[in-house]
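Residue numbers (the numbering used here): 1 to 183.
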(Lines of atoms letter the chains of each structure in order from A and count residues from 1; the text may use other names and numbers.)
(Lines give C-alpha, C1' and ligand atoms only; values in the text may rest on other atoms or scores of the structure.)
Protein backbone atom coordinates (compact mmCIF):
# COMPACT_ATOMS: atom_id res chain seq x y z
CA UNK A 1 0.00 0.00 0.00
CA UNK A 2 2.94 2.32 0.63
CA UNK A 3 3.88 2.06 -3.07
CA UNK A 4 0.80 4.04 -4.09
CA UNK A 5 2.39 7.27 -2.91
CA UNK A 6 5.08 9.27 -4.57
CA UNK A 7 8.26 9.28 -2.62
CA UNK A 8 10.97 11.90 -2.24
CA UNK A 9 12.41 11.28 -5.72
CA UNK A 10 9.18 12.59 -7.32
CA UNK A 11 8.47 15.28 -4.74
CA UNK A 12 9.09 18.93 -5.31
CA UNK A 13 10.54 20.69 -2.36
CA UNK A 14 8.60 23.85 -1.57
CA UNK A 15 10.27 27.21 -1.75
CA UNK A 16 8.82 30.45 -0.45
CA UNK A 17 8.50 32.65 -3.46
CA UNK A 18 6.36 35.43 -4.80
CA UNK A 19 4.77 35.25 -8.19
CA UNK A 20 3.13 38.27 -9.75
CA UNK A 21 -0.30 37.18 -10.80
CA UNK A 22 -2.48 39.63 -12.74
CA UNK A 23 -2.40 42.76 -10.59
CA UNK A 24 -1.93 40.95 -7.31
CA UNK A 25 0.94 39.15 -5.63
CA UNK A 26 0.39 35.68 -4.31
CA UNK A 27 2.88 34.99 -1.55
CA UNK A 28 2.69 31.29 -0.86
CA UNK A 29 4.60 28.10 -1.04
CA UNK A 30 5.34 27.80 -4.73
CA UNK A 31 6.84 24.62 -5.99
CA UNK A 32 9.57 24.68 -8.55
CA UNK A 33 9.13 22.25 -11.42
CA UNK A 34 9.83 22.03 -15.06
CA UNK A 35 6.94 21.78 -17.49
CA UNK A 36 6.30 18.28 -18.72
CA UNK A 37 3.39 16.00 -19.52
CA UNK A 38 2.81 14.96 -15.91
CA UNK A 39 -0.56 15.59 -14.31
CA UNK A 40 -0.55 18.33 -11.68
CA UNK A 41 -2.94 16.31 -9.54
CA UNK A 42 -0.30 13.60 -9.13
CA UNK A 43 2.30 16.01 -7.78
CA UNK A 44 2.82 16.15 -4.06
CA UNK A 45 3.49 19.53 -2.51
CA UNK A 46 5.28 18.19 0.56
CA UNK A 47 7.46 15.27 1.64
CA UNK A 48 4.82 12.55 1.92
CA UNK A 49 7.19 9.93 3.28
CA UNK A 50 8.40 12.03 6.21
CA UNK A 51 4.83 13.19 6.88
CA UNK A 52 3.64 9.57 7.15
CA UNK A 53 6.59 8.76 9.43
CA UNK A 54 5.78 11.76 11.62
CA UNK A 55 2.19 10.67 11.98
CA UNK A 56 3.33 7.16 12.88
CA UNK A 57 5.60 8.62 15.56
CA UNK A 58 2.58 10.48 16.95
CA UNK A 59 0.70 7.21 17.36
CA UNK A 60 -1.21 6.71 14.13
CA UNK A 61 -1.06 3.39 12.32
CA UNK A 62 0.59 3.18 8.93
CA UNK A 63 -2.80 2.93 7.23
CA UNK A 64 -4.21 5.92 9.15
CA UNK A 65 -1.08 7.96 8.43
CA UNK A 66 -1.27 7.19 4.71
CA UNK A 67 -5.00 8.00 4.62
CA UNK A 68 -4.43 11.34 6.39
CA UNK A 69 -1.51 12.11 4.08
CA UNK A 70 -3.57 11.23 0.99
CA UNK A 71 -6.50 13.39 2.18
CA UNK A 72 -4.22 16.30 3.00
CA UNK A 73 -2.49 15.94 -0.35
CA UNK A 74 -5.83 15.96 -2.20
CA UNK A 75 -7.01 19.02 -0.25
CA UNK A 76 -3.76 20.83 -1.02
CA UNK A 77 -3.96 19.91 -4.72
CA UNK A 78 -7.56 21.06 -4.90
CA UNK A 79 -6.75 24.29 -3.04
CA UNK A 80 -3.84 24.98 -5.38
CA UNK A 81 -6.06 24.35 -8.39
CA UNK A 82 -8.76 26.65 -6.99
CA UNK A 83 -6.17 29.29 -6.21
CA UNK A 84 -4.49 29.20 -9.59
CA UNK A 85 -7.60 28.65 -11.73
CA UNK A 86 -8.71 32.29 -11.39
CA UNK A 87 -5.25 33.75 -11.80
CA UNK A 88 -3.18 34.67 -14.77
CA UNK A 89 0.41 33.63 -14.95
CA UNK A 90 3.15 36.21 -15.29
CA UNK A 91 3.82 35.03 -18.84
CA UNK A 92 0.17 35.42 -19.80
CA UNK A 93 0.06 38.84 -18.15
CA UNK A 94 3.17 39.89 -20.05
CA UNK A 95 1.56 38.70 -23.29
CA UNK A 96 -1.59 40.68 -22.47
CA UNK A 97 0.47 43.76 -21.61
CA UNK A 98 2.47 43.37 -24.83
CA UNK A 99 -0.64 42.96 -27.00
CA UNK A 100 -2.26 45.90 -25.21
CA UNK A 101 0.82 48.04 -25.88
CA UNK A 102 0.78 46.95 -29.53
CA UNK A 103 -2.93 47.77 -29.77
CA UNK A 104 -2.37 51.15 -28.12
CA UNK A 105 0.51 51.84 -30.51
CA UNK A 106 -1.67 50.93 -33.50
CA UNK A 107 -4.49 53.06 -32.15
CA UNK A 108 -2.09 55.96 -31.60
CA UNK A 109 -0.79 55.73 -35.18
CA UNK A 110 -4.36 55.51 -36.51
CA UNK A 111 -5.31 58.56 -34.46
CA UNK A 112 -2.27 60.44 -35.78
CA UNK A 113 -3.15 59.48 -39.37
CA UNK A 114 -6.76 60.50 -38.77
CA UNK A 115 -5.62 63.79 -37.22
CA UNK A 116 -3.39 64.39 -40.25
CA UNK A 117 -6.33 63.68 -42.55
CA UNK A 118 -8.61 65.92 -40.54
CA UNK A 119 -6.02 68.72 -40.56
CA UNK A 120 -5.65 68.36 -44.33
CA UNK A 121 -9.43 68.41 -44.75
CA UNK A 122 -9.68 71.47 -42.50
CA UNK A 123 -6.96 73.30 -44.44
CA UNK A 124 -8.64 72.43 -47.74
CA UNK A 125 -12.00 73.54 -46.39
CA UNK A 126 -10.45 76.75 -45.04
CA UNK A 127 -8.95 77.46 -48.48
CA UNK A 128 -12.27 76.71 -50.19
CA UNK A 129 -14.10 79.01 -47.77
CA UNK A 130 -11.53 81.78 -48.39
CA UNK A 131 -12.01 81.37 -52.15
CA UNK A 132 -15.78 81.47 -51.72
CA UNK A 133 -15.53 84.55 -49.50
CA UNK A 134 -13.36 86.28 -52.14
CA UNK A 135 -15.93 85.44 -54.81
CA UNK A 136 -18.76 86.65 -52.56
CA UNK A 137 -16.80 89.79 -51.71
CA UNK A 138 -16.23 90.54 -55.41
CA UNK A 139 -19.90 89.89 -56.11
CA UNK A 140 -20.85 92.16 -53.21
CA UNK A 141 -18.57 94.93 -54.52
CA UNK A 142 -20.07 94.52 -57.98
CA UNK A 143 -23.58 94.72 -56.53
CA UNK A 144 -22.57 97.78 -54.48
CA UNK A 145 -21.19 99.45 -57.60
CA UNK A 146 -24.41 98.69 -59.51
CA UNK A 147 -26.50 100.10 -56.68
CA UNK A 148 -24.35 103.26 -56.56
CA UNK A 149 -24.65 103.73 -60.32
CA UNK A 150 -28.44 103.18 -60.15
CA UNK A 151 -28.68 105.70 -57.31
CA UNK A 152 -26.61 108.19 -59.33
CA UNK A 153 -28.88 107.59 -62.35
CA UNK A 154 -31.98 108.10 -60.19
CA UNK A 155 -30.52 111.33 -58.78
CA UNK A 156 -29.88 112.56 -62.31
CA UNK A 157 -33.42 111.64 -63.33
CA UNK A 158 -34.79 113.36 -60.23
CA UNK A 159 -32.80 116.51 -61.01
CA UNK A 160 -34.07 116.41 -64.59
CA UNK A 161 -37.67 115.94 -63.45
CA UNK A 162 -37.23 118.66 -60.85
CA UNK A 163 -35.86 121.01 -63.50
CA UNK A 164 -38.75 120.21 -65.84
CA UNK A 165 -41.29 120.74 -63.05
CA UNK A 166 -39.63 124.06 -62.26
CA UNK A 167 -39.82 125.03 -65.95
CA UNK A 168 -43.50 124.10 -66.12
CA UNK A 169 -44.16 125.97 -62.93
CA UNK A 170 -42.37 129.10 -64.16
CA UNK A 171 -44.18 128.82 -67.47
CA UNK A 172 -47.52 128.35 -65.75
CA UNK A 173 -46.91 131.23 -63.33
CA UNK A 174 -45.75 133.48 -66.17
CA UNK A 175 -48.84 132.60 -68.20
CA UNK A 176 -51.13 133.09 -65.21
CA UNK A 177 -49.41 136.42 -64.38
CA UNK A 178 -49.82 137.56 -68.00
CA UNK A 179 -53.49 136.66 -67.97
CA UNK A 180 -54.04 138.50 -64.73
CA UNK A 181 -52.16 141.61 -65.95
CA UNK A 182 -53.72 141.48 -69.36
CA UNK A 183 -57.23 141.84 -68.17
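Every residue, glycine too, gets a C-beta built ideally from N, C-alpha and C.
Owing to the predicted nature of the structure, the values given are computational and were not obtained by experimental measurement.
Through-space distance from residue 137 to residue 151, alpha-carbon basis: Each residue's alpha carbon lies about 21 Å from the other.
In whole angstroms, what is the alpha-carbon distance linking residue 75 and residue 90? So the alpha carbons of these two residues sit roughly 25 Å apart.
Would you mind listing the alpha helix (DSSP H) stretches within the segment 50-127 that are 4+ residues and don't spill past its ends, in chain order? You should have 62-85.
Three or more C-beta pairs below 8 Å linking the segment 53-72 and the segment 83-97: Too few Cβ pairs lie closer than 8 Å, so no.
Cα-Cα separation, residue 168 to residue 157: CA-CA distance, residue 168 to residue 157, rounds to 16 Å.
Cα separation between residue 65 and residue 93? Straight through space, the alpha carbons of residue 93 and residue 65 are spaced by roughly 41 Å.
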